[in-house]
Every structure is written in structure tokens, then in C-alpha cells.
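Read the structure below first, then the notes.
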Amino acid sequence: MATNTQQQQNRQQHGADDEVTPVATANAGKDGFPDEKKTDLMTNVEAAEVSDGSTHDLTKPATAFDVITHSIHLKDDPSLPAITVRSMFLGLGLSVFGGTMSGIYYFKPQSISISASFLAIISYLMGKGMALVIPRKGRIGHLLNPGPFNIKEHLAIVIMASSATVTALGLEIITTERLYYDKRTSEALAFFMLLSSQFLGYGMAGLMRRILVYPSVMLWPSNIPINSMLESLHLDLPENRKPLRVFVYVFCAVFVWEIFPQWICPLLAGVSIFCLANRTSPVFTNIFGGSSGNEGLGLFSLCFDWNYITSPLYYPVSSLISQGIGICGCIALFTGVYYSNIWNAQNYPFLSQLIFSNTSTVENAEQWNQSAAVGPDGRIDMAAVETLGLPSFAASNVLNVLLTNMCIAAAIAHLFMWNPTELKTAFQFLKPSEIWAGVRRLPGRVRHPSRTRIEEMKPHYDPHFRLTQNYKECPDWWYGILFVGSVVVGLVVIYQSDSTLPWWGFLIACLVGYLLLVVLGSMEAMSGVAFTIQSIVQMIGGYIQPGHPVANMYFSLYGYNALRQGISFASGLKFGQYGHLAPRVTFAMQVLGTLVGTVLNYAMANTIIDNQADILKSVYGSNIWSGQAAQQFNAQAVTFGGLPHEMFSIGGKYPWVPLATLLGFVAPLPFWLAHRRWPHLGLSYVNTPVILFYMCYLNLGINSGIMMFFLLGFVSQGYIRRKFPNTFVRYNYLVSAGLDGGTAVMIFILSFAVLGAAKAPIAFPNYWGNPASGFFDYCYKSQAA
């Protein structure tokens with residue numbers, strides 16, 4: 001993730017609109033790359049030549065243009081096949097794995113995802129293995145094994161599998177309706193609901209690709225290490241063999257190790273010295289506990305389960321510092337608010353996503369009687385609400401929603417303060433002349449820009465985009481059909497499912513998602529930071545149609561889920577563009593991967609709900625399963641959708657939740673003004689939105705891994721990267737991919753074998769490392785819990 005100081009220095013050195021010289025595809029070596037070893041931004045190379053003939057020290061901050069031209073080759077070989085039997089077999093196989101795992105991870109007590117690095121490495125090893133083992137003689141042999149495993153096949157596999165690993169957020173509605181409304185939607189209707197909400201975002205992002213994908217400033221930083229890794233792997237250099245062996249060793253080691261913290265010895269998920277010293281203190285539990293969902297903040301806990309440490313090796317030091325400031329603020333804020341009894345905090349659990357009755361106490365956390373307040377028609381019964389009283393949040397949940405609103409407002413302000421040049425460049429596509437030029441293009445008439453058109457393209461287009469023009473472009477009407485088809489199917493779904501969301505509410509949700517995609521997609525593309533803003537979308541839906549919690553869930557589905565899927569799709573398009581993959585292949589792989597992932601997501605959700613419903617509805621869940629995501633979604637639908645004015649307007653119960661949005665807009669201002677006055681203080685490294693995001697980060701899940709996250713992150717990025725840069729480049733991301741991959745495969749096996757994903761769980765015998773009752777880290781647990 002590029003820092004703001006880097007971006008400012010880059011604008012001074014090269015400017016935002018440096019002319020990009022087309023690079024020919026001649027003199028390409030194996031797999032379309034030059035024979036000489038490529039230069040990497042993270043090596044100790046002193047200087048490299050840039051487009052204007054000057055030199056730029058690659059050990060210092062780099063512009064977006066420098067990054068995409070020096071870390072990824074501007075060479076291509078259009079003759080390399082991408083769609084082969086081998087790529088389809090591996091792509092579909094990894095998509096099945098990814099779709100299954102993303103369905104399982106939705107019900108985990110910690111937010112986890114499949115690493116793209118793992119998918120890249122494992123597919124490379126499998127592809128090379130198939131190329132070596134499968135005979136090439138005869139027609140069948142040539143069909144099954146057309147030659148060496150090439151980078152275009154590799155790109156197609158990773159794109160398909162990565163698309164399948166993105167969880168379909170429609171699972172929130174399926175889970176919530178089954179757990180809290182005793183309603184099971186038919187398989188066909190659920191499938192079309194999931195698919196229409198996914199492809200709606202795809203259509204939006206595809207039509208916006210001239211804004212979100214083509215420009216150089218739309219960097220999508222998370223793609224660059226993966227693209228660079230693929231290029232390095234396919235150079236087949238001798239020095240790449242040892243890192244790959246290290247990947248295999250790490251993968252196998254963590255694969256075996258994970259059976260211990262996940263099943264045999266859950267104590268290893270969070271060892272708290274403080275709780276072992278005092279097992280009777282609820283204060284110690286709230287602050288130092290964290291081995292189970294919603295147990296505590298995990299301060300100073302030692303975690304030996306990579307599943308809950310969540311890949312700290314990718315984050316640069318500047319990001320880790322902002323995250324660390326936010327985590328420290330989170331611990332101070334949560335404990336301060338709770339023990340000051342703000343919002344009657346001590347009447348409710350320290351951490352929880354449920355909604356509670358006003359008569360609750362910490363010893364008897366009584367949930368609000370939602371079934372009595374929400375009628376069979378999906379609408380709020382205000383007479384019942386007057387009898388029950390308004391629902392209440394745990395203080396941590398109030399802070400989570402409040403800070404999320406502040407965070408997204410701060411992110412928008414941060415973008416306009418620190419990146420005005422990039423914004424101006426990126427949104428030149430919205431000029432009336434550009435819009436009119438797009439309108440005049442008839443569907444399918446122009447397959448791809450002519451060579452003359454390419455030469456006339458504006459200099460702020462990504463130079464890799466020019467190389468993709470050797471292939472047929474996806475015409476706008478493809479994305480238009482995807483968008484319109486999703487809208488039509490979505491309209492059918494909201495009426496067939498008795499969602500109570502009217503057609504005009506559905507169209508407003510689509511409009512909200514579209515507008516937010518422009519802003520948040522651009523922000524994530526330039527900074528690499530992704531923010532969760534579902535609460536804002538639900539708040540908008542609630543004020544548009546108050547008293548309708550079920551309608552609010554569907555408003556969020558087609559507003560927020562479409563937004564997130566659109567961002568994911570745009571990132572995938574950029575990934576394919578960096579790899580010079582044919583745009584139509586990229587499109588097809590993402591659509592196919594999403595289809596596979598959606599089916600597996602739905603299947604896993606149904607079987608887990610069937611077997612773990614009681615745990616999913618409980619306050620703490622377990623160290624294996626948790627319904628916290630559905631609990632939070634349901635709570636916000638009932639409050640934002642059902643009682644927005646009573647709960648959040650001026651004079652309501654939590655008026656500062658929406659008002660905090662206004663504070664968010666001014667939060668970055670002091671740092672920006674101070675930086676302009678004292679530019680050498682390094683205040684540009686302070687990322688206010690990231691700090692605010694992490695100030696509510698510990699509001700749910702297993703928090704025992706947070707200290708190990710920062711310890712390993714600073715060792716990797718702060719020590720090894722500085723002291724041993726070559727070692728860092730060769731091993732850091734491969735080791736991280738091995739840890740992620742070995743963990744994911746073992747969890748996949750254990751989930752079905754013993755953890756209850758498809759049948760009753762098989763518990764390991766109880767002993768000191770797997771206590772029969774209470775939290776696994778021996779923190780105090782009240783009888784009420």
C-alpha cells in the first residue's frame with residue numbers, strides 16, 4: 001500500500017500524466033518474458049531507468065507508474081494458450097475447494113479468507129506436475145498436455161479460483177431467515193438470489209472499468225505481489241527452486257501442526273498468562289481473554305494457531321503502525337466505555353452482536369424478543385415494541401457501528417485531501433465528451449480499439465492495458481446484459497421471496513451500490529485499503545423504508561453486496577490486465593468461478609446451519625463455529641431497518657451513531673494541515689481511516705491472535721525486510737502462502753471429519769489442553785455465559 005508521502009514525491013518527480021511509450025512484444029523469451037532476469041522493486045537494485053530517461057532510486061518511494069512498469073514486465077506472448085484442459089481442470093478443482101472453504105469460513109469466529117498467494121503456488125506445482133506426468137503423444141495427449149505449463153494458464157486458474165473464494169454475502173439472509181425467522185427459502189430462489197446479487201456488482205464494475213481498471217493510478221496494490229510472483233515462477237530460474245521447496249516444507253509443517261490447536265489442544269489458540277494467574281476475574285477475561293468468540297480483547301495473549309493470526313506478513317510497516325495505533329485505541333475505548341457504564345454497558349456482555357432486552361443484566365443476558373416484535377409480514381409491530389421496550393446493543397457493538405460510519409467518512413475525506421491529483425486523473429472519464437463517446441459506440445460493433453486508437457489513448461491509461469489490446473475486448477453490452485439480467489432476476493427474487501422490499505426500494509439499493517462503487521472502488525484501487533460499510537447501507541435503507549427489517553436485509557444485499565462484488569470483480573480485471581490475459585478469458589474465468597463458488601457456499605451454509613444452529617445463535621459460539629456475522633447483520637436489520645428513528649435519530653437511543661459520520665469527515669483534517677505546515681514530521685504516514693477502522697476491530701471473534709499478528713508483522717516487515725532484503729523478497733510471501741495454504745487444507749479436512757460441518761462433531765477427549773467446560777485459556781466464564 002503506497003503511502004501519501006510516496007505519492008506526493010512521485011507527482012513532483014514525474015507528474016501524474018507522464019507519457020507512456022508502447023512496448024513491443026518482440027524479443028520475448030520463455031512464457032513471453034525476456035531472457036534476462038527481471039528487476040523487482042524490493043531488491044537492492046540502486047537505480048533503474050524510467051520512461052523520461054531519468055533515473056529513479058528503486059529503494060525509495062515509487063510512483064504508481066514506476067511500480068507497474070518495474071515490478072511487472074511490459075512484454076507479452078499472445079500465442080500462449082490460456083484455456084486448456086489443464087487450466088480448466090485445475091481451475092474448477094481449486095474453485096470447488098475455495099467455494100467450500102469460503103462457505104465454512106463465514107461461520108468461523110474469525111474473519112478468514114483463502115490466500116491468493118496459496119492458490120498461485122499450489123496451482124503452479126500442480127500445473128508443472130501435470131505437464132511432467134501426462135503423456136503428450138497423439139491427439140489426446142496433446143489435448144491433455146499441450147506443452148509446458150505457461151503463465152496464461154496460471155493466470156486463468158488463479159482468477160477462477162479467487163472468484164470462487166469470495167463469500168456470497170447473500171448467505172447472511174439465508175442464515176438470518178433460518179435462525180431468526182424460521183424460514184427456509186427454496187433452493188432455486190436462494191440460488192438466483194445469490195447469483196443476481198453477485199453478478200449485479202460484476203455488471204456495474206464492468207461498465208466502470210474505464211474508471212476503475214484502465215488508469216495507471218488505479219493500482220490495486222494487492223495484485224502486484226501475486227503478478228510479480230507468477231512472473232518469477234515462470235522464468236524457471238534455478239534460484240526459484242529453493243524457495244519453492246521452502247514453500248512445500250512450510251505447507252506440510254503447518255498442515256500437520258494445525259490439528260493440535262484446532263482439535264487436540266485448543267489451549268494453543270490462546271495462552272493467557274494473566275488468566276492462568278487469576279481464573280476468577282471477569283475483568284481479566286474481558287481484557288486478556290480471547291481464545292473463544294466474543295470472550296475478550298486478547299491483550300498479551302499468545303496464539304499458536306495460524307488460523308487466528310491471519311497473515312501479518314503482507315502488511316508494510318506504515319500500515320502496521322496505523323493498525324497498531326487503532327488497536328491500542330480500541331482496547332482503551334472498549335474498556336473505558338464499558339467500565340464507565342456508558343449506554344448501560346455493564347447490563348450486557350462485554351462483546352456481543354446480539355440485541356438485548358432493557359431488562360438484561362450481565363448475569364442474565366436476555367435477548368430482545370424479536371419474534372414478538374416482527375410480525376409474520378416482515379414488518380415491525382409498534383404496539384409490541386412499546387410493550388417490550390426498545391432493543392439495546394452491547395456497548396462494543398454501538399462503538400463498532402459508530403466508528404464504521406466515522407471510518408468511511410474519514411476515508412472519503414482522506415482521499416480528497418491526500419490524493420486530489422489521482423482523483424482528477426481517474427475521473428476524467430466522467431467528462432461529458434468521454435461519456436458521449438461511449439454512448440456512440442454501438443454494441444459489438446467495435447471489438448477492440450484499433451492501433452491508431454491505441455496510440456491516441458490518454459497517457460494516464462495503464463501501459464499494460466495497451467498489451468491487452470492484442471486480444472478481443474469484452475464489449476460493453478456483455479456487461480450491460482449481466483447488469484440488466486441481474487436487475488430483472490433481482491426484481492423477481494424480492495417479490496417471490498416476500499422480502500417486503502418494493503421495486504423502487506430495490507432500484508434505490510442498486511443506485512446506492514453503483515455510486516459507492518465509484519468512490520470506494522477508486523479508494524481501494526489507489527490505497528489498497530478495503531473498508532466494511534454495510535452499516536451505512538443498512539442505515540440508508542432504514543430511513544428510506546422504516547419499519548421493515550426484512551426489506552432492509554434485501555436492500556443491503558443488493559446495495560452493499562453488489563458493491564463488494566463489484567470491487568472484487570474490478571480487482572480481478574486488473575489482475576488479468578497486469579498479466580496481459582485476454583479480457584474475454586478474464587471475464588469468463590471470473591463468471592465461472594463465481595458460479596461454482598455460489599453453489600458451494602449455499603451447500604455449506606445449509607449443512608452447517610443444520611448441524612450447528614444452537615451454537616450459531618449463542619452469545620459466544622465456540623472456538624470452531626460462530627454465528628456472529630449473521631447476528632450482527634440481523635441486529636442491524638432490526639434496528640436500522642425496523643426502528644431507525646427511535647434508535648438513531650436525534651432524541652433516539654443512539655443518536656451519535658449517524659452523527660459520527662459528520663465527525664469522520666473532519667478527522668483527517670488536523671493531520672493534513674499539520675503535514676502542510678511541518679512536512680518533515682512524517683504525519684503523512686498517519687492513515688486516519690485505517691486507525692478508525694481498527695479502533696473497532698476487536699468487537700467480535702477470537703482476539704487471541706492480535707499480539708502475535710503485530711509481533712510477526714514487525715519482525716517480517718520491520719526487521720527482515722530492512723536487514724535481509726534479498727531473503728525477504730525470496731521467502732516472505734512464499735512462507736506466508738505456505739502457512740495460509742497448509743492451514744486452509746487441514747481446516748477443510750477437519751471441518752468434515754471431526755468439527756461438525758456435515759455431521760455431529762467428534763470431540764477430542766478432555767484433558768488440561770482441552771478442558772471440558774469454560775474458556776480454553778482458563779479465563780473466568782460466568783454461569784450465564
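For the sequence shown, full-length UniProt numbering assigns the number 1 to the initial residue and increments by one for each residue that follows. Built from N, CA and C at the ideal position, the CB exists for glycine as well.
{"Item": "Name the residue from Pro109, Ser113 and Pro78 whose alpha carbon lies nearest to the alpha carbon of Val745.", "Value": "Ser113"}
{"Item": "Within the same chain, show all residues whose beta-carbon is closer than 8 Å to that of Arg178, passing over the 5 residues directly before and after it, in chain order.", "Value": "Arg184, Ile609 and Ala613"}
{"Item": "At 4 residues or longer, what runs of the alpha helix (DSSP H) sit wholly inside the stretch 618-643?", "Value": "628-636"}
{"Item": "Identify whether Tyr214 lies in helix, strand or coil by the three-state DSSP scheme.", "Value": "coil"}
{"Item": "In the structure shown, what three-state DSSP assignment does Tyr339 receive?", "Value": "helix"}
{"Item": "Buried or exposed: Phe555, going by 16 or more other Cβ atoms within 10 Å of its Cβ?", "Value": "buried"}
{"Item": "Given Met707, which residues of its chain have a CB within under 8 Å of its CB, disregarding the five upstream and five downstream residues?", "Value": "Gly298, Leu299, Phe300, Ser301, Leu302 and Cys303"}
{"Item": "Mind checking if Val385 is an interface residue toward chain D, Cβ cutoff 8 Å exclusive?", "Value": "The question asks about chain D, but that chain is absent: this structure has only one protein chain."}
{"Item": "Once you ignore the five residues that flank Ile702 on each side, which residues in its own chain have a CB closer than 8 Å to its CB?", "Value": "Pro109, Gln110, Ala269, Gly270, Gly290, Ser291, Ser292, Gly293, Glu295, Gly298, Tyr308 and Asn623"}
{"Item": "Grouping DSSP H, G and I as helix and E and B as strand, with all else coil, what is Leu302?", "Value": "strand"}
{"Item": "For a test of the three-state rule: what should DSSP assign to Tyr461, helix, strand or coil?", "Value": "strand"}
{"Item": "Could you tell me the distance, in whole angstroms, from the CA atom of Gly597 to the CA atom of Lys617?", "Value": "25 Å"}
{"Item": "Looking at Tyr315 and Gly713, is the spacing between their C-beta atoms short of 8 Å?", "Value": "yes"}
{"Item": "Under the assumption that Val248 contacts Thr743 (Cβ atoms under 8 Å), give the Cβ distance between them as a whole number of angstroms.", "Value": "The Cβ separation is near 15 Å, so there is no contact."}
{"Item": "Give the straight-line distance between the Cα atoms of Asn145 and Ser163, rounded to the nearest whole angstrom.", "Value": "25 Å"}
{"Item": "Between Thr500 and the rest of its own chain, which residues show a CB-CB distance below 6 Å, the 5 nearest in sequence each way excluded?", "Value": "Gly378, His548, Val550 and Ala551"}
{"Item": "Would you kindly work out how many angstroms separate the C-alpha atoms of His580 and Gly389, rounded to a whole number?", "Value": "59 Å"}
{"Item": "From which residue to which residue does the alpha helix (DSSP H) around residue 792 run?", "Value": "Because the chain here runs from 1 to 785, residue 792 falls outside it and cannot be looked at."}
{"Item": "Please name the residue or residues paired with Tyr767 in a DSSP beta bridge.", "Value": "Asn770"}
{"Item": "Taking the straight line between their C-alpha atoms, what separation do you get for Ser450 and Gln590?", "Value": "A caution first: Ser450 carries a pLDDT of 42, below 50, which makes its placement in the model unreliable, though a value can still be read off. The straight-line gap from Cα to Cα measures roughly 26 Å."}
{"Item": "What residue from Phe764, Lys781, Cys696 and Ala758 has the CA that sits closest to Ile325's CA?", "Value": "Cys696"}
{"Item": "Over what stretch of residues does the alpha helix (DSSP H) that includes Thr387 continue unbroken?", "Value": "Met382 to Leu388"}
{"Item": "Can you give me the C-alpha to C-alpha distance between Asp381 and Ala637, rounded to a whole angstrom?", "Value": "15 Å"}
{"Item": "Three-state secondary structure (DSSP) at Phe107?", "Value": "coil"}
{"Item": "Can you check which of these residues, Asn286, Ser216, Trp306 and Pro463, is closest to Phe260 by C-alpha distance?", "Value": "Trp306"}
{"Item": "Determine the direct distance from the alpha carbon of Thr661 to that of Asn347, and round the result to whole angstroms.", "Value": "27 Å"}
{"Item": "Where does Lys781 fall in DSSP's three states?", "Value": "coil"}
{"Item": "Hey, how far is the Cα of Val690 from the Cα of Ser684?", "Value": "13 Å"}
{"Item": "So who's on the other strand from Ala355, going by DSSP bridges?", "Value": "Note that residue 355 is Ile in the sequence shown here, rather than Ala. The partner list for Ile355 (beta bridge, DSSP) reads Phe393."}
{"Item": "So, do the stretch 221-234 and the stretch 720-728 have three or more beta carbon pairs nearer to each other than 8 Å?", "Value": "no"}
{"Item": "For Gly576 and Leu94, what's the separation of their Cα atoms in angstroms?", "Value": "18 Å"}
{"Item": "Please state the DSSP three-state secondary structure of Leu754.", "Value": "Per the sequence shown, residue 754 should be read as Val rather than Leu. Val754: coil per DSSP, three-state reduction."}
{"Item": "Name the residue from Trp263, Thr361, Ala372 and Tyr339 whose alpha carbon lies nearest to the alpha carbon of Tyr767.", "Value": "Trp263"}
{"Item": "Determine the closest residue to Phe356 out of Gln632, Pro668, Trp678 and Pro655, with distance taken between C-alpha atoms.", "Value": "Gln632"}
{"Item": "Using only CA atoms, which one of Ser704, Gly593 and Tyr654 lies nearest to Asn102?", "Value": "For the sequence presented, residue 102 should be read as Ser rather than Asn. Minimum Cα distance to Ser102 is reached at Gly593."}
{"Item": "By the three-class DSSP mapping on this structure, what secondary structure does Val686 have?", "Value": "coil"}
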